[in-house]
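Read in order, the letters of the sequence shown are residues 67 to 236 in the working numbering. Ideal Cβ placement from N, Cα and C applies to all residues, glycine included. These notes are about the structure you will find just below.
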Amino acid sequence: MIRKNLLTISMAAIVILTTGFVRQSPAQTPSNSSGQSTVDQQVDLLRRDIRSEKKQIIAANMQLTDAEAEKFWPVYDQYTAELVKINDTKYAVIKEYAANYNTLTDEKAVALTRQLLGVDQQVAELRLKYVPIFGKVVSGKKTALFFQLDRRLLALIDLQVASELPIVQP
């Protein structure tokens, strides 16, 4: 029961962190001296906070022994680094959609849809790649638990981000 409550509270924290992810239009935000917009900087910080919170949720729910943790976390960090690269593409597509929402053509809508579906495919391929890798450092059940947590957390984040984006108008 405590574990379920911890997971629920932690997931709620991630939802709170993601609120406002795309509320500001990137086109309306000035750039800083490095050329990166304030929104981009805020999103980068938000994504780091979410990764940290996600890691804490996974740690609280995996119940790893010290020996397992020593092997698990380096693999997790490697997996996360690869996932971040994929999610960079997702964020770029979301930014492009937000920037082009009012002038979205049929062709652009299909192109953005294909890009997002490609991101989904890359995430699935990454998970498949890492199942045997995690399976070498923790049991099969803990591997399954990790991917269950990972999928739930990312689904929650995706739902929150999607709820902030306007629906395509036909």
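**Asked** For Ile233, which of helix, strand or coil comes out of DSSP?
**Response** Ile233 falls in the coil class under three-state DSSP.
**Message:** Distance check for Lys121 and Thr131, CA to CA, integer angstroms please.
**Reply:** 16 Å
**Message:** Quick check on DSSP: helix, strand or coil for Leu170?
**Reply:** coil
**At least 3 beta-carbon pairs within less than 8 Å: the segment 184-198 vs the segment 147-167** = yes
**Asked** So, do the segment 187-204 and the segment 128-143 have three or more beta carbon pairs nearer to each other than 8 Å?
**Response** yes
**Prompt:** From Ala190 to Asn168, what does the alpha carbon distance come to, in whole angstroms?
**Reply:** 31 Å
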